[in-house]
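Engineer: Residues -18 to 291, numbered by the working numbering, are exactly what the sequence shown covers, in order. We put the beta carbon where it would ideally sit given N, CA and C, even for glycine. Let me give you the structure first, and then I'll get to my questions.
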Amino acid sequence: MKAVIYTPSEPIVASWVERMRKLLPDWSINPLTEEDDPESVRYAVVWRPRTGDIARFPNLKAVVSIGAGIDHVLADAELPRKLPIIRTVGADLTQFMREYVALHVLRHHRNRPYQAAAQARAEWDAVEVPPAPQRRVGVMGLGNLGSFAAQTLAGLGFRTVGWARRPRDIEGVTCYSGSENFDAFLEGTEILVNLLPLTDETKNVLNAETFGKLPKGACIINAARGPHLVEEDLLAALDSGQIAQATLDVFNVEPLPPEHPFWKHPAITVTPHIASRIDAGTGSRIIAANLDTFEKTGTVEDLADAVRGY
């Protein structure tokens, strides 16, 4: 069986190819860009494929997204729309996201950015904050990553609420669903965490209207996708004080250009798309297992729905 691998970084591709060959010794694993027999390829393992990359291979059985989201695959206008798409999720990736969300919710809850600025001024300024049960934290997106992140926050004592497209039942989390309940979810939410999948419906969801429905001085954490955020609206909300602080892990253009205003904004924390980063060691094990299972059974638990977009 033959598979090809593509990411925009040739060194990363080489690392993945080496690991996947060891995990699937009976398979032929090559970089996508070096494959000279496209008709023999049955699987494409990709991150941000270029337009036409996948259509090169007429006999594919499935595409594997190197990540939990599939928006970067669906962005290919020439993608054969009936191809199954396999997401890459697992315990390690879920744990990474839980750690990231807990870290930055606690930073905003305890007003760590303010404390860091006070330290830089050599000012002894003991800021008072409420205990976690008096702080309402909202998680948008209650899939695999979002549900565990919300449970983690509830376990820390936060008054945790969640919102998703469809009804969910998560212990310790008050769940809202559907557009008709979005405003009720936002009302009183002081720290808003976005973990939604990127679809036509969720693009630009972090906008001026959404910010205006949060309490003045709320904080934003975006660890989903860059296009969820209207950047100009966030800057305006920060300037007005409607939003006090923001932590951003994802951006419309990655890497974030050096001249981008987010880098030096005093109320924004930038992290380089590391919230639930898939390293070659962790990801290759998950993907190898999924490829083996799909080849034997024709399906896997992490099969995505291309129509829904996740």
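Strictly by DSSP, which residues pair up with Val281?
Structural biologist: The residue given as residue 281 occupies position 300 in the sequence shown. Looking at the DSSP assignment, Val281 forms no beta bridge with any residue, so it has no partner.
Engineer: Might you give, ordered along the chain, the residues of its own chain that have their beta carbon closer than 7 Å to the beta carbon of Tyr95, omitting 5 neighbours on each side?
Structural biologist: Within the sequence shown, residue 95 is the residue found at index 114, counting from 1. Closer than 7 Å at the Cβ level, and outside the excluded window around Tyr95, lie Val108.
Engineer: Just checking my contact of Leu64 with Met121 at CB under 8 Å: how many whole Å lie between their CB atoms?
Structural biologist: The sequence position of residue 64 within the sequence shown is 83, counting from 1. The sequence position of residue 121 within the sequence shown is 140, counting from 1. About 29 Å; that fails the 8 Å criterion.
Engineer: If contacts are defined as beta-carbon pairs under 8 Å, then Trp8 and Ala(-16) qualify, I think. What distance do you get, rounded to the angstrom?
Structural biologist: Numbered from its first residue, the sequence shown carries residue 8 at position 27. Numbered from its first residue, the sequence shown carries residue -16 at position 3. Going by Cβ atoms, the distance from Trp8 to Ala(-16) rounds to 6 Å, so yes, they are a contact pair.
Engineer: If we call anything under 9 Å between Cβ atoms a contact, is Val211 one with Leu187?
Structural biologist: Taking the sequence shown and counting its residues from 1, the one referred to as residue 211 is at position 230. Taking the sequence shown and counting its residues from 1, the one referred to as residue 187 is at position 206. Taking 9 Å as the Cβ cut-off, Val211 and Leu187 qualify as a contacting pair.
Engineer: Quick one: residues in its chain with C-beta nearer than 8 Å to the C-beta of Gly138, no 5 flanking neighbours on either side, listed in chain order?
Structural biologist: Taking the first residue of the sequence shown as position 1, residue 138 is located at position 157. Result list for Gly138: Pro112, Ala113 and Pro114, in chain order.
Engineer: Quick one: what does DSSP say Gln223 is sitting in, helix, strand or coil?
Structural biologist: By one-based count along the sequence shown, residue 223 stands at place 242. Three-state DSSP puts Gln223 in coil, outside helix and strand.
Engineer: Would Arg116 pass as a contact of His90 if the rule is Cβ separation under 9 Å?
Structural biologist: Taking the sequence shown and counting its residues from 1, one reaches residue 116 at position 135. Taking the sequence shown and counting its residues from 1, one reaches residue 90 at position 109. Going by C-beta atoms, Arg116 is nearer than 9 Å to His90.
Engineer: Run the CB neighbour count on Ile255, radius 10 Å, all protein chains shown included, and call it buried at 16 or more, exposed below.
Structural biologist: By one-based count along the sequence shown, residue 255 stands at place 274. Ile255 should be labelled exposed.
Engineer: Whether or not the region 235 to 255 and the region 271 to 287 are in contact is what I'm after, with contact meaning three or more pairs of Cβ atoms, one per stretch, closer than 8 Å; do they touch?
Structural biologist: With a cut-off of 8 Å, the region 235 to 255 and the region 271 to 287 do not count as touching, because too few Cβ pairs lie within range.
Engineer: First and last residue of the alpha helix (DSSP H) that includes Leu84?
Structural biologist: Sequence index remark: in the sequence shown, residue 84 carries index 103 (1-based). Start and end: Ala72 to His90.
Engineer: Nearest-angstrom Cα distance between Trp244 and Thr180?
Structural biologist: As a first step, residue 244 must be located in the sequence shown, where it is residue number 263. As a first step, residue 180 must be located in the sequence shown, where it is residue number 199. Those two C-alpha atoms are separated by around 27 Å.
Engineer: With a 10 Å radius around its C-beta and 16 neighbouring C-beta atoms as the bar for buried, classify Val288 as buried or exposed.
Structural biologist: Taking the sequence shown and counting its residues from 1, one reaches residue 288 at position 307. By the neighbour-count rule (16 or more Cβ atoms within 10 Å), Val288 is not buried but exposed.
Engineer: At which residues does the alpha helix (DSSP H) containing Leu55 begin and terminate?
Structural biologist: To locate residue 55, count along the sequence shown from 1; it is residue 74. Taken as a continuous stretch (DSSP letters only), the alpha helix (DSSP H) holding Leu55 covers Asp52 to Leu55.
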